Amino acid sequence: MTTELEAENTTLLQFLYACPAGLIEFSAAGDIGLVNPVAMGLLLPIAGRPFVTNLFEVMDGCAPELLNMIQQFAPSHGTVCDGHRIVTGRGGQSAVLACSVVKLTEDRYIATLSDVTEQVAREKRLKQAEVWFASLLDGIDDVAVLSLDVNGCIDGVTSSVVRQTGFTDADLLGRPFESFARPDRASAMPLPGEAIAVARSDGWHLHEGWHARADGSRYWCQRLVAVRDNSDGTTAGFTLVLRAVTRQGRDAADLRRMLTRDHLTGVSNRAHFFEAAERHFARCLRDGRSLALIVLDVDHFKQVNDEHGHAAGDTVLCAVSRRCEGELRPEDVFARLGGEEFVVLLPGATLRAAAVAAERLRLALAGDVFDIGGIGLRITASFGCSALDAGTTASLAGLLAAADTALYQAKRAGRNRVAVSEADQVAA
Numbered sequence: 000m001t002t003e004l005e006a007e008n009t010t011l012l013q014f015l016y017a018c019p020a021g022l023i024e025f026s027a028a029g030d031i032g033l034v035n036p037v038a039m040g041l042l043l044p045i046a047g048r049p050f051v052t053n054l055f056e057v058m059d060g061c062a063p064e065l066l067n068m069i070q071q072f073a074p075s076h077g078t079v080c081d082g083h084r085i086v087t088g089r090g091g092q093s094a095v096l097a098c099s100v101v102k103l104t105e106d107r108y109i110a111t112l113s114d115v116t117e118q119v120a121r122e123k124r125l126k127q128a129e130v131w132f133a134s135l136l137d138g139i140d141d142v143a144v145l146s147l148d149v150n151g152c153i154d155g156v157t158s159s160v161v162r163q164t165g166f167t168d169a170d171l172l173g174r175p176f177e178s179f180a181r182p183d184r185a186s187a188m189p190l191p192g193e194a195i196a197v198a199r200s201d202g203w204h205l206h207e208g209w210h211a212r213a214d215g216s217r218y219w220c221q222r223l224v225a226v227r228d229n230s231d232g233t234t235a236g237f238t239l240v241l242r243a244v245t246r247q248g249r250d251a252a253d254l255r256r257m258l259t260r261d262h263l264t265g266v267s268n269r270a271h272f273f274e275a276a277e278r279h280f281a282r283c284l285r286d287g288r289s290l291a292l293i294v295l296d297v298d299h300f301k302q303v304n305d306e307h308g309h310a311a312g313d314t315v316l317c318a319v320s321r322r323c324e325g326e327l328r329p330e331d332v333f334a335r336l337g338g339e340e341f342v343v344l345l346p347g348a349t350l351r352a353a354a355v356a357a358e359r360l361r362l363a364l365a366g367d368v369f370d371i372g373g374i375g376l377r378i379t380a381s382f383g384c385s386a387l388d389a390g391t392t393a394s395l396a397g398l399l400a401a402a403d404t405a406l407y408q409a410k411r412a413g414r415n416r417v418a419v420s421e422a423d424q425v426a427a
């Protein structure tokens with residue numbers, strides 16, 4: 000019997016060590032019991048030291064939300080997360096891991112880790128390619144070609160550009176090509192300089208969105224920025240191709256709005272917020288930019304529903320949305336997470352700037368009397384702010400959790416106020 004058990008254990012160990020995925024057995028406190036070579040190979044670069052003993056300590060800098068997920072998982076056993084993506088490192092050293100965690104008992108867990116960096120890169124490029132080749136099924140009204148210098152400013156104009164946009168050579172030469180863009184909250188325009196930075200590293204950048212004409216009108220355009228190299232491999236400049244597209248059937252902007260906007264308030268929906276947040280978070284890690292969040296909750300909203308009806312509550316949510324969006328920058332993303340809870344994504348903003356913006360929103364709401372079916376109501380909200388400043392490391396989930404914590408601090412302190420997260424709630 001002993002020999003059979005030894006043989007089974009030997010077979011099990013061989014399986015664990017030969018498994019192409021990383022396997023980790025750990026306790027509720029994060030202490031690692033068993034780990035196979037693949038998992039160790041993925042953990043060591045994150046840990047920055049030659050050994051690891053606690054999974055939560057290793058992941059604290061890039062995925063602190065793992066601990067929260069496990070602590071909040073109430074069932075006695077089951078899947079805690081499946082394929083949860085974790086971004087590690089910075090810039091060219093960053094990697095994306097897929098993590099799955101299964102709870103076996105109250106104090107025993109199994110995690111799998113896989114490096115999906117290349118898969119994520121392929122997904123991104125395929126998504127970009129879909130935008131470009133979507134025009135094969137749509138109508139192309141016109142194609143224009145421009146030349147850009149190494150900084151992304153226009154240094155060459157063809158007659159096709161004048162025909163498509165209505166601008167003259169004098170209007171265009173020397174201007175950044177992004178001056179064509181007409182930001183639309185549903186189309187998620189890249190930040191200035193992003194297209195050039197991506198084209199410089201990847202060879203090209205694709206995007207689809209609104210562009211401007213000289214008469215002030217706008218048209219839906221597919222845009223390709225491709226790098227031009229010198230004979231020595233250095234960048235000589237860029238070629239910009241603009242394709243004016245007419246969608247068949249329903250306009251592309253209408254379709255995009257249906258997928259990205261909240262059905263009641265018209266602001267960004269939860270899915271669009273997280274898509275935009277993931278994109279800006281990746282930019283923050285790559286470029287060392289700041290990123291801030293504001294979470295807000297309408298005070299005593301249940302009381303509005305109970306006293307005036309759900310139709311009045313819906314009107315309040317729409318009014319709050321319009322008032323807040325009017326106080327934000329074009330690049331900010333204002334979204335409804337659900338119920339009376341909203342969130343603001345502020346690219347490039349510090350914690351201090353987020354607190355100033357939140358106070359501006361608070362005053363805008365508190366200083367208004369909202370006409371709800373002939374009844375004047377004063378509406379207030381509580382705000383929580385968090386930020387990922389340049390040079391710090393955190394996760395998007397950790398950033399949102401820190402803002403939530405600050406929001407509850409504002410509520411406990413009496414509502415109708417702004418609270419900010421402590422630095423150690425976000426930073427590693």
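Once you know that position 118 of the sequence shown is 117 in numbering that gives the first Met the number 0, the rest is easy, because the numbers rise by one and skip nothing. The C-beta atom is built at its ideal place from N, Cα and C for all residues, glycine as well. Note that the structure is predicted; figures quoted are calculated from it, not measured.
Item	Value
Give the secondary structure of Gln424 by DSSP, where H, G and I count as helix, E and B as strand, and everything else as coil.	Low per-residue confidence applies at Gln424: pLDDT is 49, beneath 50, and the placement is therefore not dependable, though the value from the model is reported in the following sentence. Gln424: helix per DSSP, three-state reduction.
Determine the closest residue to Asp148 out of Thr238, Arg285, Val101, Leu327, with distance taken between C-alpha atoms.	Thr238
Within this structure, are the beta carbons of Leu387 and Leu376 separated by less than 8 angstroms?	no
Grouping DSSP H, G and I as helix and E and B as strand, with all else coil, what is Arg361?	helix
Measure the C-alpha to C-alpha separation of Leu395 and Glu277 and round it to an integer number of angstroms.	7 angstroms
For Ile69 versus Val79, is the C-beta spacing smaller than 8 angstroms?	yes
With 16 as the cutoff for other CB atoms within 10 Å, does Pro346 come out buried or exposed?	buried
In chain order, what residues of the same chain have a beta carbon less than 6 angstroms from the beta carbon of Leu171, not counting five sequence neighbours either side?	Ile153, Val156
Measuring only the C-alpha atoms, how far is Gly173 from Arg288?	27 angstroms
Look at the alpha carbon of Ala418 and the alpha carbon of Ala401, and state the distance between them as a whole number of angstroms.	11 angstroms
Quick one: which unbroken alpha helix (DSSP H) runs of 4-plus residues sit fully inside the region 42 to 71? Chain order, please.	54 to 58, 64 to 71
Please report the straight-line C-alpha distance between Asp423 and Cys61, rounded to a whole angstrom.	Since pLDDT at Asp423 reaches only 45, below the 50 mark, its modelled position is unreliable, and no value is offered.
Go ahead and pull the three-state DSSP assignment for Arg288.	coil
Just to confirm my understanding: we take Ile378, look at its own chain, exclude 5 residues before and 5 after, and list those with CB closer than 7 angstroms. What are they?	Val297, Val315, Val319, Leu364, Phe369
Taking only three categories from DSSP, how would you classify Ile293?	strand
Give every residue of the same chain whose Cβ lies closer than 6 angstroms to the Cβ of Leu112, excluding the five residues on either side of it in the sequence, and list them in chain order.	Gly21, Ala38, Leu41, Leu96, Cys98
Pick from Asp81, Asp114, Ile109: whose alpha carbon is nearest that of Pro44?	Asp114
Output the distance between the C-alpha atoms of Thr264 and Ala311, rounded to the nearest integer angstrom.	13 angstroms
Between the region 19 to 35 and the region 347 to 363, do at least 3 Cβ pairs fall closer than 8 angstroms?	no
Mark Thr87 as exposed unless 16 or more other C-beta atoms lie within 10 angstroms of its C-beta, in which case mark it buried.	buried
Tell me the DSSP secondary structure of His210 in three-state form.	strand
Name the two residues that bound the continuous alpha helix (DSSP H) containing Val300.	Sequence check: residue 300 is Phe here, not Val. Residues 300 to 307.
With a threshold of 16 other CB atoms inside 10 Å of the CB of Pro19, please say whether the residue is buried or exposed.	exposed
Label Glu479 either buried or exposed according to how many other C-beta atoms from any shown protein chain fall within 10 Å of its C-beta, with 16 as the threshold for buried.	Residue 479 is absent from the model: the chain starts at 0 and stops at 427.
Ordered along the chain, which non-local residues of its own chain (more than five positions away) have a Cβ less than 6 angstroms from that of Phe166?	Ala213
Expressed to the nearest angstrom, what Euclidean distance is found between the alpha-carbon atoms of Glu193 and Gly215?	25 angstroms
Using three-state DSSP, classify His76 as helix, strand or coil.	coil
In terms of DSSP beta bridges, what is Glu340 paired with?	Asp296, Gly337
By the DSSP assignment, the beta strand (DSSP E) with Gly155 in it spans what residues?	153 to 156
Round the Cβ separation of Cys220 and Gly208 to the nearest angstrom and send it over; I've been treating them as touching at under 8 angstroms.	7 angstroms
To the nearest angstrom, how far is it from the Cα of Leu284 to the Cα of His309?	42 angstroms
Identify the continuous alpha helix (DSSP H) that holds Ile195 and give its terminal residues.	193 to 201
Between which two residues does the beta strand (DSSP E) holding Arg328 run?	No beta strand (DSSP E) contains Arg328, which DSSP labels as neither H nor E.
Suppose you measure from the CA of Gly151 to the CA of Gly232; what does that come to, to the nearest Å?	18 angstroms
Between which residues of its own chain and Leu295 is the CB-CB distance below 6 angstroms, once the five residues before and five after are set aside?	Phe341, Ala380, Phe382
Taking the alpha-carbon of Arg227 as reference, which of Arg242, Ala409, Tyr218, His204 has the nearest alpha-carbon?	His204
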